[in-house]
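Numbering (the UniProt record's numbering), first residue to last: 1 to 567.
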C-alpha cells in the first residue's frame with residue numbers, strides 16, 4: 001500500500017477546520033482534532049458569531065416555537081396530509097420552526113495570539129497552543145483578516161503572520177528560557193491596533209498574575225499515564241473542560257516540528273553562479289524577475305503562478321554591453337545595452353526586426369549620466385507596435401526601429417512627499433511605468449493629490465499619505481487607511497480585491513493593507529532592501545539579508561520564488 005493510501009483521512013467532523021489542519025500531517029490532524037473541536041466550542045461560547053437581536057442574517061437552525069411564517073416546510077406537508085397529527089404536534093409544542101440569526105457588529109481587525117512560551121507551557125501546553133492557533137486561524141479567515149502570533153518577550157517586529165505552514169515552525173522555535181511577566185504582556189498590548197482581537201495563551205500561574213481577561217485561554221496538565229501527560233484542563237473565560245492529548249509518539253514528533261507540513265509556497269532554492277546580486281526588477285507585465293548581477297549580465301527567472309514546488313532554474317545571459325533596460329515581452333527578452341558609445345537593442349529569442357543603434361545624447365544622456373544609470377536599477381521597456389518605450393530622466397522616450405527617438409511625455413507620478421526623489425533612500429526603486437498599464441480614465445482628484453500610486457486595475461491617491469482612496473476602471477472606489485509612518489510602495493489588485501503594499505517607518509515590516517484589514521508579509525520583511533511591487537500583477541520582490549531575493553504573493557505573503565542564500 002502506498003504511503004498516501006495508508007495516511008489517515010480527515011474525519012467529517014473536522015472538515016470545518018480542514019484549511020488550518022492541512023498545515024499538519026494527516027496523522028497529527030486526526031490526533032489533535034478533539035482538542036481543536038472543543039477549544040473552538042469554548043471560544044465560540046464566549047464569542048458567538050451571531051447576536052441575540054438586530055439585523056436579520058438568515059436562519060441557522062430549528063426551534064420548537066415560532067410564528068407560522070417560520071414553520072418548517074415539512075410541517076406544512078404534515079398539515080396537508082395528516083391534519084390531526086399536525087394539530088396534536090401544535091398543541092404539544094412538537095412542531096419545528098426555522099431559527100433566525102442576527103448579524104453581529106462586523107469586525108475586520110486582526111486576530112492576535114499572544115503566546116506564553118515559557119517553561120511552564122512546554123510539552124502539553126504547546127500542544128494546546130497549537131490547537132488554539134488552528135482555531136484562531138479559522139476565526140481570522142472567517143472575518144477576512146489574518147492571524148498574528150506574538151511570543152511574549154519578543155519585539156512586535158518579530159511577530160509572525162502569513163500562511164500556517166510558515167508560521168507554525170517559527171512559533172515552535174520561539175521557546176523562551178524564562179517565564180513571561182506582566183510587563184511583557186503590557187508591551188505587547190501597547191503594539192496592538194485598535195481593531196485587533198487579542199487572545200492570551202498562557203499557563204495558570206501567569207494568568208493568575210493578571211487582571212481578569214475575557215480572551216484568555218489557560219491550560220494545565222490534568223492526568224498522567226505511563227508515557228507522560230494524557231489529559232489537560234483547558235479554560236476560556238472561566239469555563240473549562242478536560243481534554244485528551246495526542247498519543248505519546250506523535251505528540252513528541254509534533255513538539256519537534258516533525259509533524260508539520262513543509263511550506264509549499266517556496267520554489268526550489270536557486271543559487272546563481274555569483275552572489276553579487278543587483279536590485280531585483282519587474283520591468284514589464286510578465287511574471288519575469290530580472291536581476292543584473294554585473295553590468296553586462298542578467299539573471300532571468302520566471303515566477304511560478306501557483307504555490308507548488310518548482311525546480312525550474314533561472315537563465316543567465318551575458319550581453320554585448322551594459323544593460324540599461326530590459327523586459328520579457330512575449331517570447332523575447334529585449335534589452336537596451338550600452339556598447340562603444342551607442343545604445344543597441346539586443347534581442348534574445350524570437351526576432352524583433354532590424355533595429356539601428358541609438359545615440360545616448362538623443363535621450364539627454366552624456367557619458368556620466370549613462371554611467372550613473374548603469375549603476376542604478378534596471379529600467380523597464382514596453383512595446384508599442386514596432387516601437388519601444390523607455391523612461392529615462394523623467395521622460396518616456398519612444399525608440400523607433402530606425403534609431404529615431406521622440407519625447408513621449410513625462411513619467412508619472414511626479415515626485416511627491418513620499419515618492420522616490422533626491423531625498424529618497426538609496427535602495428528605493430522608481431515607479432516609472434505603472435501609469436501606462438492602468439486602463440480607463442483617471443479621476444480628477446488624482447492630478448491634485450500629492451501622493452499617488454498606479455496599478456494594473458486601479459489608481460490610488462491620498463492627501464496626507466495615510467488615508468488613501470483607490471478607484472477602479474469601473475468607477476468603484478474603496479478607502480484604505482495605512483498604519484502611521486508606513487510608506488506606500490505600490491498598489492496591487494486581484495479581481496475585486498485591492499491592497500496597498502507598505503513598508504514600516506523602521507524599514508522592517510512589509511504589509512499588504514486592504515480596506516479594514518492589514519497583513520504583514522513576513523517572508524518579505526527582513527529590513528533589507530526596499531521591496532519592489534510588480535506594476536501589473538499581485539507580486540512583491542525583496543532583497544533580504546543573507547543575500548537572498550524572495551518573490552511573494554502580495555495578498556497572502558506566500559513565497560513563490562527564492563533566489564540565492566541558504567534558505
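By construction, the Cβ of each residue, glycine as well, lies at the ideal position given by its N, Cα and C atoms.
Counted as a single uninterrupted DSSP element, the alpha helix (DSSP H) harbouring residue 208 occupies residues 204-208.
Inter-residue distance for residue 185 and residue 153 is about 8 Å (C-alpha atoms, whole angstroms).
The Cβ neighbour count for residue 396, taken over all protein chains shown within 10 Å, is at least 16; the residue is labelled buried.
Contiguous beta strand (DSSP E) elements confined to the stretch 214-298 occur at 216-225, 228-236, 239-244 and 288-294, taking only those with 3 or more residues. Residue pairing of residue 501 in beta bridges, as defined by DSSP: 490 and 512. For residue 138, the three-state secondary structure derived from DSSP is helix. A buried status is given to residue 538, since no fewer than 16 other beta-carbon atoms sit within 10 Å of its beta-carbon. Per DSSP, the continuous alpha helix (DSSP H) segment holding residue 19 begins and ends at 18-21. Per DSSP, residue 400 lies in no beta strand (DSSP E) segment and is marked neither H nor E. With contacts defined as CB atoms closer than 8 Å, residue 115 and residue 151 qualify as a contacting pair. Excluding the 5 residues flanking it on each side, residue 279 has same chain C-beta neighbours closer than 6 Å at 377, in chain order. Residue pairing from DSSP places residue 479 in a beta bridge opposite 469. Taking 4 residues as the shortest admissible run, the stretch 331-384 contains the following complete alpha helix (DSSP H) segments, listed from N- to C-terminal end: 367-375. Classified as exposed, residue 181 has fewer than 16 neighbouring CB atoms from the shown chains inside 10 Å of its CB. By the neighbour-count criterion, in which 16 or more other beta carbons inside 10 Å mark a residue as buried, residue 467 falls on the exposed side. Taken through DSSP and simplified to helix, strand or coil, residue 550 comes out as strand.
Contact between the stretch 123-143 and the stretch 497-508 is not established, with fewer than three Cβ pairs separated by less than 8 Å.
As computed with DSSP, residue 317 is found in a beta bridge with 298. A residue is called buried once 16 or more other Cβ atoms fall within 10 Å of its Cβ, and residue 31 is buried on that count.
Residue 404 counts as exposed, since fewer than 16 other beta carbons sit within 10 angstroms of its beta carbon. Taking 8 Å as the cut-off, the Cβ atoms of residue 481 and residue 503 do not count as close.
Approximately 21 Å separates the beta-carbon atoms of residue 162 and residue 564; this is outside 8 Å, ruling out the contact.
Only exposed fits residue 368, as fewer than 16 other CB atoms lie within 10 angstroms of its CB.
Using a Cβ-Cβ distance cut-off of 8 Å, the stretch 284-294 and the stretch 536-555 are in contact, since at least three pairs of beta carbons, one from each stretch, lie closer than that value. Your pair residue 112 and residue 196 checks out as a contact, with CB atoms roughly 5 Å apart and the cut at 8 Å. In terms of Cβ geometry, residue 254 and residue 147 do not form a close pair [threshold 8 Å]. Secondary structure note for residue 411: it is in no alpha helix (DSSP H), with a DSSP letter that is neither H nor E.
Taking a 10 Å sphere around the C-beta of residue 93, we find fewer than 16 other C-beta atoms and assign the residue as exposed. A distance of 8 Å or more separates the beta carbons of residue 338 and residue 292.
For the 8 Å CB-CB criterion, residue 401 and residue 354 form a contact.
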